[in-house]
Structure formats: C-alpha cells, structure tokens
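Take a look at the structure below.
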Amino acid sequence: MKHDDKRWLDEPGNVRKIYVGLWIFGLLLALGDLVIHRHAEAGLDGDFAFYALYGFVACVLLVLAAKVLRRIVMRPEDYYDR
Amino acid sequence: MIAELPAGLILVAAGIALPFLPRAARGTVAAVVPLLALAQLMWLGPGHVVQAQILGFDLTLVRTDRLSLAFGYVFTIAAFLNAVFSWRVREGIEPPAALIYAGTALGAIFAGDFLTLFVYWELSAIASAAVVWAGGTPRSYGAGMRYLAVQLASGMLLAAGAALHFADTGSLAFEYIGLGSAAGALFFLAFGIKAAFPLLHNWLQDAYPEASPTGTVVLSAFTTKLGIYALARGFPGEEMLVYIGATMAAFPIFYAVIENDLRRVLAYSLNNQLGFMVVGVGLGTELGLNGAVAHAFADILFKGLLFMSMGAVLLRAGTVKGSDLGGLYKSMPATAGLCIVGAASISAFPLFSGFVTKSMIMASAAQEGYLAVWLVLLFASAGVFHHAGIKIPFFAFFAHDSGIRCAEAPRHMLVAMALTAALCVSIGIFPQQFYALLPLPMEYLPYTASHVLSQMQLLVFSALAFSWLMRNGIYPPELHSVNLDFDWTTRRLAVRLVQGATAVIEMLLAALRELARGAGAAGAGALERLHGSEGVLARTWSTGGMTLWVAVLLAAYLLVYYLLYA
C-alpha cells in the first residue's frame, strides 16, 4: 500500500474552494426566502432566513456547550477498568 | 399450515437449527428465512388472530393489525439485511443468537396479550445479550452483563404491571393502557427502559458499541423499536411523552459531539432519533403516530446502514476511534459513499428517508401548538446533522489522513449496505407509497417548495457552522477518553458506596468485637471483685447490718407505693 497517493482533497486550496462554495450556496438558499413564499409551520419560522440562522447558531452553541460538558465529564479511556 | 404459525417462530427455529447445519449453508439460511417471514406477514395481512388457552389464561399469541405489521415488515427486512451483512460470520454464538433475537422481537410485536409479550420480551433480552457477548472482549462481557440486568429489570416491571393489570381488570389483552393506574406506571417504565428514556438510557450507549462489527448492526434494529411499538400501542397521546421525547432528542447530541468511539456516537444519535419517535407517540395525532412509526421504520434502515459502515471500518482498519481514523475514503471509497447515504438519510436531506418521516412529527408538533418542543426538535435536527451526518463520515473517511491503508469492505458487506441505501433513497423518493404502509389514514405532502427550502437552509448552515468551527480550531478535537454519563451512578458511585459501606461495616464490626472483648474482661474483673474469695459480697456480714438494709428497702418500697398510689 502506498502512502504518497495525493488526491484532489489533499490540496488545502481545494478544500478552501469547497468551503467558499458552501457559503455561496448557503447565501443563495437564504436569498431563496425572497423568491419562495414559505408558509410558516410554527409561527416565528416565517421570518427571513429563520432556518439558516437557527441552524448556524444552534450548531455553534451545541459545540460550545459540548466543550464545557467535556470539561466536566471527560475521563481517561480506562476509567471504568481501574 | 406453515403460514398459520406464530410470526417469528420460523426465525427462532432457524436460529436453533443454524449451528447444526453445514457451514456453507448457514449464510443462505440466515438470509432466506427472514424473507420467508416477510412473505408470511404480507400473506397474513391485518386482522389475523391466533388464540389459545394456556394455564387457564386466554392468550392471543398472534394479532396482526396495521401497527404491528409496519414494525413486522421492517424487522424482517432488517433481519435479512443483517444476515447479508454478516454473511461470513458462521461460527460462534452470534449468528444463531441474532436470528433468535429477531424472531423473539417479532413475536413480541405480534403478541396480543401481556403474558405472551412478557415471554418474548425476556427471550429477546437474553438473545440480544448473547449478541453483545459475542463481541468476545472482557469489555463486551461486562457490558453484556450490565445490559442483561437492565433488560431483565424491564421484564420484571412488565410482569408486575401485567399482574396488577390482570387483578384490576381481569384481562391480559394488550390494548391502550394509559397512565391512570399503578399497572400503567409499571408498563410505562418497562417500555421506557426499552425506548431508552432519559436516565434509563445508558444500557444502549454502554452495550451496543462493545458488540462485534456485525453484532452492533443486529442490536441497533430491534430492542429500542420494540419499546417504541409498545408505547405506540399502550400510551398514544400521553402528553408526558412529548416532553420526555424532546429531552431525549436534545441531550444525547451534546455527548455525541465529544464522543470519540464512532459507534458510540451512533448509539447517542440512535437515542436522539428515538426522542423524535417518542414525541410522535406522545402527540397521538394521525400525523404524529404515523410519523413515529414511519421514523422507526426509516431509522432501522439508515441507522443500520451507518452502523454497517462503521462495522466495515472496524473490520478493516481495526478501530472506530475518531482520533485514530481519517482519510479512509482513499481505501474504502464505496463504504464512504454508502455511509454518506446513511448520513444524508438521518440528517433528513430532501430525497432521503429522514426528510419524509421526521418532518411528519415536526409538523404535528407545530400544529398541536407545542412551540417550545418544536424549537427543541429543530435544534435536535440541526444537531443530528452535525454529529451523525457530518462527524461520522468526516472523521472516519476524511479529516486528516491517518495513514491507514486497508482493503475495501468485503463484497457481501457492500451488497448489504447498497441494499439498505437503496431502501433509504426509495422511501425518500416515493413517500406516498411508503405512507400507505402506515397504521392510520392521513394526508401529508413532504415535498413542498417551502419545506425543501427551509430544510436545506437548516442543513447547509449547520454544515457551515461545522466547517467554520473546524477551520478556526474551535471544534473540540477527537480525544481518547470516556465521558461520564448517568451510568456513572451505577458503575462507579454505587460501587464506591457499596465498597464504602462494606468498609464502614467492617470497622464497626471490629470495634464491636473489641468492645465485646473489653466488656468481657471488665465483667469478669467486676465479678471477681464482688464475688471472688476476697470480694465484698463473699464476706460475712453482721446481722445488725442486714436488718438495717432490710429496713431501708422496706422504707423505700413504702415510699414508692405511697408516691404511686396515694
């Protein structure tokens, strides 16, 4: 098995292209709210880009909270074996 | 008539016979028999009942209706896919245990009374514990023991509930129960253990990741969905379930983010998906109940697919620790692709199964006015994409190249994964045909422009959050670790308490012994002093002295008598 098999994804520049592409795609989706009339399911989700903002903020908060949780609950891998 | 036999019995019989068959035939038998069971169910259709009188009880051994059939179909399909996935596992306890487990779980689904349900409930617990033990490591042995203890506890609660229910109503029929009685509360707990309610959930994250690469796939399908089925049968519309389910959907995702063992991440995410189903049952509307059943059906498939892909990684790379993996797409491109189909399905991307099933529950929650619950579920939806949809494929197949170079998954595993993936996509593309399998009549259109757009916004921005956190070094790295969960109370706190109590009791006993020895010696000394040859009481006393003492005693007696009775 060879170790030096460089792929397209191994190039940091290409990963950046995907990242930027994802932002463009996301912004286009958010702008889609201006074109497609979304019928609100629960009331406040009719606001412009509600789902986009909620998704982003929810995930950032999730990760930040999980980092705090890790400080409380993380133990060495053999904790229960000792 | 073979078709008249209780559903699932054919799987149990095949499981018992399996070790006695020629090795070459075992894989085929294990795969064909579930298909026969599926055919039997389709032939029977709803309304089939087998009754018997045993020990003076009127039992309903089989009862098919649209609710039990929906679960029956997916259980047999899962048993078939599991058999294909573990085609090459021919030795040991796992293949027969897996078939017996699937068969007894099917039996429980079609049980029409609590006694029959109890028997299958316990048998499936034992068979599934054998699947955990087939992991073959000291860890899987310990986890299997803990798992079995919890499952048997659920069975005992079920038996107690059944006895109370029988005393109250004189009937053992498994119909709507409700929380109005003590029996109802016992059933609720028994089912809640299987459905992994918060604080009753840890057996799942503890045991499932310790089974073999194929065993975990088997385990993921049945036990928890049996719990969901039982709740849907006994407690539809029980409002408490809405809040229990919302809690279940939310809290495991925090653990999933920091967990390193990718199969354990999936176990947390299984718990989170069960939360959606429990909410659906709690809502009790046509849309909610159908959504719970539909989501259970879809989850068995996409969660099976994800566990399969991680099983293949474990088999080939020797580990599923996120910290040790990465870059495997170079070695296992097909597995990576199929894993992404599972990830897209659980994340509810349009055209994949989760999109048409989970949204039913969300829509029903919104219609019934549970705004806070709806927001929690939306948070959980974003979170599930984050930890299962992105984290699983990313850390296993992409991330930094770990340097691991291995073979692609074996062909039979790829076939099983491809079939499962095809089902996930089919449900996503043909929702109306799939909805026709559900227990209640309803009208729901998942593919509106509004729904597709909002879901895509939610998912793409969750992905952007992941990438942004990753690129800025905020995302917590995968680390070798154990994260304490509620099972710490039984695995560490209770053990320490028992150890501590034992130590205290031993100290007390030692002190008592010391005290007794001291008291004995002191007592002997006192006796010696009073009654010994030189003791006070051994002396010769004068008659006058004795008379004086008698007079004193009599005076005291008189005084007491006077004080008490005068």
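So the sequences go chain by chain: A and B.
So the first sequence is numbered by our numbering: it starts at 38 and just counts up by one.
So the second sequence is numbered by our numbering: it starts at 773 and just counts up by one.
Using N, Cα and C, we set each Cβ at its ideal position, and we do this for glycine too.
Counting contacts by CB-CB distance shorter than 8 Å, is residue i in contact with chain B?
i         : result
Lys-54(A) : no
Asp-84(A) : no
Met-38(A) : Here the model assigns Met-38(A) a pLDDT of 44, short of 50, so the residue's position is not dependable and the matter cannot be decided.
Leu-66(A) : yes
Glu-78(A) : yes
Arg-44(A) : yes
Gly-50(A) : no
Would residue i pass as a contact of residue j if the rule is Cβ separation under 8 Å?
i           : j           : result
Gly-879(B)  : Arg-835(B)  : no
Ile-1072(B) : Ala-1115(B) : no
Ala-869(B)  : Val-846(B)  : no
Gly-942(B)  : Glu-1010(B) : no
Ile-1025(B) : His-1159(B) : yes
His-1252(B) : Lys-1093(B) : yes
Met-1185(B) : Ala-1108(B) : no
Gly-1341(B) : Gly-875(B)  : The question about residue 1341(B) has no answer, for chain B in this structure spans 773 to 1338.
Phe-1151(B) : Ala-1022(B) : yes
Leu-1210(B) : Asn-1062(B) : yes
Ile-782(B)  : Val-804(B)  : no
Ala-1208(B) : Met-1132(B) : no
Ala-802(B)  : Ala-779(B)  : no
Gln-1229(B) : Gly-80(A)   : no
Met-1189(B) : Leu-1077(B) : yes
Ala-968(B)  : Leu-889(B)  : no
Val-1156(B) : Ile-1112(B) : no
Ser-1103(B) : Phe-994(B)  : no
Pro-985(B)  : Leu-1087(B) : yes
Asp-1257(B) : Tyr-1027(B) : yes
Residues of chain A with CB closer than 7 Å to the CB of residue i, please, in chain order.
i           : result
Ile-1025(B) : Leu-99
Ala-1138(B) : Glu-78, Ala-79
His-1158(B) : Cys-96, Leu-99
Residues of chain B with CB under 8 Å from residue i, in chain order?
i         : result
Val-57(A) : Residues of chain B passing the Cβ test: none, with the nearest at roughly 10 Å.
Nearest chain A C-beta to residue i closer than 8 Å, yes or no?
i           : result
Ser-1119(B) : no
Ser-1095(B) : no
Phe-1124(B) : no
Leu-1143(B) : yes
Val-718(B)  : Residue 718(B) lies beyond the range of chain B shown here (773 to 1338); nothing can be said about it.
Val-856(B)  : no
Val-1029(B) : yes
Lys-1163(B) : no
Lys-1102(B) : yes
Leu-1150(B) : yes
Trp-975(B)  : no
Arg-1036(B) : no
Arg-1263(B) : yes
Since residue i meets chain A, which of its residues come closer than 8 Å, beta carbon to beta carbon?
i           : result
Pro-1248(B) : Val-100, Ala-103, Lys-104, Arg-107
Arg-1301(B) : Near Arg-1301(B) there are no residues of chain A at all, since even the closest Cβ is about 56 Å away, more than 8 Å.
Gly-1155(B) : Ala-95, Cys-96, Leu-99
Ala-1135(B) : Glu-78
What three-state label does DSSP hand residue i in the structure shown?
i           : result
Met-1082(B) : helix
Met-111(A)  : strand
Arg-1268(B) : helix
Lys-1093(B) : strand
Ala-1208(B) : coil
Lys-39(A)   : Interpretation of Lys-39(A) is limited by its pLDDT of 46, a score under 50 that renders its predicted location unreliable; the figure taken from the coordinates is listed afterwards. Correct three-state label for Lys-39(A): coil.
Ile-1162(B) : helix
Ala-103(A)  : helix
Ile-872(B)  : helix
Thr-832(B)  : strand
Asp-885(B)  : strand
Arg-44(A)   : coil
Ala-824(B)  : strand
Leu-940(B)  : Residue identity check: residue 940(B) is Asp in the sequence provided, not Leu. It is helical.
Val-1322(B) : helix
Asp-978(B)  : helix
Asp-1033(B) : strand
What residues of chain B sit near residue i, judged by a beta carbon separation below 9 Å?
i          : result
Pro-113(A) : His-1252, Ser-1253, Val-1254
Anything in chain B within Cβ reach of residue i, meaning under 7 Å, just list it in chain order.
i         : result
Arg-75(A) : Ser-1222, Leu-1225, Ser-1226
Gly-69(A) : Leu-1225
Using a Cβ-Cβ distance cut-off of 8 Å, determine whether residue i contacts chain E.
i           : result
Arg-1243(B) : Any reference to chain E falls outside this structure, whose protein chains are A and B.
Report whether the distance from the Cβ of residue i to the nearest heavy atom of the ligand ATP is below 7 Å.
i           : result
Tyr-1142(B) : In terms of ligand content, the structure shown is empty, and the ligand ATP therefore cannot be addressed.
- Task: Mind checking the region 1226-1241 of chain B against chain A and listing, in chain order, the residues whose C-beta falls within less than 9 Å of any C-beta there?
- Result: Ser-1226, Gln-1227, Met-1228, Gln-1229, Leu-1230, Leu-1231, Val-1232, Phe-1233, Ser-1234, Ala-1235, Leu-1236, Ala-1237, Phe-1238, Ser-1239, Trp-1240, Leu-1241
- Item | Interface positions of the region 834-845 of chain B facing chain A (Cβ-Cβ less than 9 Å), listed along the chain | none
- Message: Any C-beta of chain A within less than 9 Å: which residues of the region 901-935 of chain B qualify?
- Response: Pro-910, Arg-911, Gly-914
- Which residues, in chain order, does the region 990-1005 of chain B contribute to contact with chain A at a C-beta distance below 7 Å? none
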